[in-house]
Amino acid sequence: MSSIFAKRRARLLAMKAIRDSYVPGDQLVACPKCGGESQRKDVAGNLSVCPLCGYHFPIGAYYRLSTILDPGSFRELNEKLPAADPLSFPGYREKQRLAQRKTGLTEAAVTATGTIGGRKCVAGVLDSRFFMGSMSAAVGEKITLAIEYAAKNKLPLILFSASGGARMQEGILSLMQMAKTSAALARFSEKGLLYISVLTDPTTGGVTASFASLGDIILAEPGALIGFAGPRVIQQTIGETLPEGFQRAEYQEEHGFVDAVVPRGELRETLSRLLRLHEKGGRP
Amino acid sequence: MLKRVLIANRGEIALRVLRACRELEIETVAAYSEADAEALHVQLATESVCIGPARAADSYLNQDALLTAALATGCDGIHPGYGFLSENADFSDACAKAGLTFIGPSGEAIRKAGSKSAARDLMKAAGVPVTPGSDGPVSSVEEALAAAEAVGWPVLLKASAGGGGRGIRRCDGPDALPAACAEAKAEAAACFGNDEMYLEKLVLNPRHVEVQILADRQGHTIHLGDRDCSVQRRNQKLIEEAPAPGLSPALRRAMGEAAVRAAEAVGYEGAGTVEFLVDGENFYFMEMNTRIQVEHGVTELVTGVDLVRQQLRIASGLSLDMGQKDVTIRGCAMECRVNAEDPHGDFRPCPGKVEFLHFPGGAGVRVDSCLYNGCTMSPYYDSLAAKVLAHGATRLEAIRKLRRCLEEFTLEGFPTNAELSYEILFHPVFVRGRCTTGFLDAHLAELLDFSRRVEEKEAEA
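These protein sequence lines map, in sequence, to chains A and B.
If you count the first sequence from 1, position 168 lands on 167 in numbering that gives the first Met the number 0, and the numbers rise without skipping.
If you count the second sequence from 1, position 461 lands on 460 in numbering that gives the first Met the number 0, and the numbers rise without skipping.
Below, the structure is given as structure tokens:
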């Protein structure tokens, strides 16, 4: 009689093994940097970093927060803040709905409170899957609200940028967000609080020109493109060949725009240490 | 209170009714066919009467035999279960004429709700939203064509008297209409003896959500929340859950209220179900089932209301012992139907002898089945072997519990679809609660391929 259960257990284990290794569609992911192919689950298990060359794949905002914040500490801020179409730009609403359906996000920014190594902080992330993380009025408002929340509650602030710049469909209102977020950060800074900016691939345009560059400490992920105008634009404008690794995180570190390049696997540990070191200063 | 009830059905529902009767101290008479002499409910009933040969038409559908058996054994009520005569208006009337209580609605109510095209008009008048379609039956291809052009393609042709997925044809354009019309008519005439057809717009990939209602003779009607039955294959449901995931509170309330209006419109009595198609924030009346349903258990688990007990109370003339405000939905319940059919053999029914049987247990678990070790499943009737239900505080908890149950569930002797259901419980679309009625058709190959690979792996080992 017990053989029936033994047989069944073997079958369930076989099913589990296949389920665990089962990835719908293509099993292999090609790395855009080294061209090597890796099993999708190996990449996923490695924080979406190519196991062969260390290329950092872009990751979603919620996943990013789950890799940084202590488990169970995540509390989203202003999650209901809706996307807007202030200029009634033709086709914009439709594109927003499509992006919302594809990503499950309402806008390109996700802000939250949580703890890192037991220390409370406010974290904001731009998601490059949503209009390339570009700054819309809603994104600017969410970031500003997060800064103000951190200032009010005297909490350190960490913002992860990944942005193509301003949201074109919102015109001047998008550009206004640069001033708004910068002003909020100035007020935040006057209180003597800590702001860490983490630049991920790509951080460009209006986001670089506002809050991303205003960190007390500026970290970057390896290989992230960081700049105002992109390398192609610059090359076409000045008509010269650009140096190797131009505008990449390592290049910017060498030239003083970035304090440290931190691989994704060490980011949580680094942030935790920084928060610990700045704890006294952050709480007068 | 009823004293003695004839159970005019078989399988797990006969057992379900018998259990409710026992708890209410009502005596039971099992009316069984020759094929079911060894069935569990026949063994457990107070008294058992053989009513005819295995073929359903000679036994479970034989009204005279059933009425004679009921009167001869001194019954005062008949419970029709589901299927067979449960939605037969004439049988309800015949019971009343013979002085027996039919545990279900009156013949008149069944007629009103049962004829699909008449029900549509009734619902429209009662303010229940219906899918756009023909006004009443269509008698000719020309009429059908005109109606189809008015509502837009694709359309569904349905038999007014239909049910169980029979007598329905999909039609994508005007060219296919005449053939589809003829086919559906022939099928309807063969299955239901009535070839009246109507036409409605086909809502592509809707969700199937239904609302459970209870109505007593005193005129109280309440609803007991909704169920999602979107995981289905050829209109046969496979996995059901309550409450339906991801409905907005406004939509849920509107559907509950519409269901109550629908029941009141037909003058309903007893337990019934109003089925809706849900498409985004819109819902359309699909049909009304004037009987207890296979998936009633999930509603029982989340509401704590024993529906068959309520049926028996209502049929005994008692008024409902609860109001709408007493109905609370707690947690999430999920049911998986285990059928004796081979998913790898085009779902061919393959009943046989139960060599070994083990049911899961534990907190929040329920198994409704008429099987026991060594019994033989009859090939004459439907292939439902067991219903495995799990109740958890959240949807995810219920999914995990049901997975665990299906891991424990062991049935040796014939193939079942249990493993397919188990795989569905892991499918990302299902876990997210995003299933539409098109889910299983779209993912069946992928799910079946899965267990094929398990078999390959086992063969290697």
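For every residue, glycine included, the Cβ atom is placed at its ideal position computed from N, Cα and C.
Here the structure is a predicted model, which is why all the values come from computation and not from measurement.
- One finds F449, R452, V453, K456 in chain B with Cβ atoms closer than 8 Å to the Cβ of I17 of chain A, taken in chain order.
- For Q246 of chain A, no beta strand (DSSP E) run applies, since DSSP gives it neither H nor E.
- Distance between L144 of chain B and L156 of chain B, taken at the CA atoms: about 11 Å.
- Beta-bridge pairing by DSSP links I212 of chain B to B:H222, B:G271.
- Using beta-carbon distances, F355 of chain B counts as an interface residue toward chain A, with a partner under 8 Å.
- At a cut-off of 8 Å between beta carbons, F425 of chain B contacts chain A.
- For H78 of chain B, the uninterrupted beta strand (DSSP E) segment begins and ends at 76-78.
- Q38 of chain A: member of the beta strand (DSSP E) spanning 36-38, first to last residue.
- Distance from the Cα of M167 of chain A is smallest, within the candidate group A:L86, A:V42, A:E75, for A:L86.
- Interface residue (Cβ-Cβ distance to chain A less than 8 Å): T100 of chain B is not classified as such.
- Secondary structure note for R15 of chain B: its alpha helix (DSSP H) is the uninterrupted segment 10-22.
- In this structure, V265 of chain B lies away from T302 of chain B, with their beta-carbon atoms at least 8 Å apart.
- By the rule that beta-carbons nearer than 8 Å mark a contact, R92 of chain A does not touch chain B.
- Under the three-state reduction of DSSP, D35 of chain B is assigned to helix.
- Take A392 of chain B, set aside five residues on each side of it, and the residues of its chain with a beta-carbon closer than 6 Å to its own are G330, in chain order.
- Per DSSP, the beta-bridge partners of L156 of chain B are B:R168, B:L198.
- The residue from B:G271, B:L276, B:N288, B:E256 with its alpha-carbon nearest to that of H207 of chain B is B:L276.
- Within the same chain, R15, V16, A19, I291 come within 7 Å of V307 of chain B by CB-CB distance, once the 5 residues on both sides are set aside.
- The Cβ atoms of R9 of chain B and Y59 of chain B lie closer than 8 Å to each other.
- For Q234 of chain A, the three-state secondary structure derived from DSSP is helix.
- DSSP links V277 of chain B through a beta bridge to B:R206, B:F282.
- When the beta-carbon positions are compared, A332 of chain B and H390 of chain B come within less than 8 Å of each other.
- Runs of beta strand (DSSP E) with 3 or more residues, each lying fully within the stretch 307-370 of chain B, are found at 331-338, 355-357, 364-368, listed in chain order.
- With respect to the C-alpha of S377 of chain B, the residue from B:L5, B:E422, B:A34 having the closest C-alpha is B:A34.
- Contact between the stretch 123-136 of chain A and the stretch 102-113 of chain A is present: three or more C-beta pairs spanning the two stretches fall below 8 Å.
- Rounded to whole angstroms, the gap between the alpha carbons of G432 of chain B and F83 of chain B is 33 Å.
- Among the residues of the stretch 121-155 of chain A, none has a Cβ less than 7 Å away from any Cβ of chain B.
- For K400 of chain B, there is no enclosing beta strand (DSSP E); the enclosing alpha helix (DSSP H) covers residues 394-407.
- With respect to chain A, the C-beta atom of E406 of chain B has a partner C-beta closer than 8 Å.
- Ranked by how close their Cα comes to the Cα of A339 of chain B, the residues B:A397, B:D278, B:A362, B:L410 have B:L410 in first place.
- The residues E26, T27, V28, A29, T72, in chain order, have a CB closer than 8 Å to that of E46 of chain B in the same chain once the five nearest residues on each side in sequence are set aside.
- Taking a C-beta distance under 8 Å as the contact criterion, I77 of chain B and C94 of chain B qualify as a contact pair.
- For the stretch 95-107 of chain A, the set of residues with a beta-carbon nearer than 7 Å to any beta-carbon of chain B is empty.
- Proximity to L203 of chain B across B:T130, B:I328, B:E195, B:C74 peaks at B:T130, based on C-alpha coordinates.
- The three-state secondary structure of S72 of chain A, taken from DSSP, is coil.
- Chain-ordered, the chain A residues with CB closer than 7 Å to the CB of E411 of chain B read I3.
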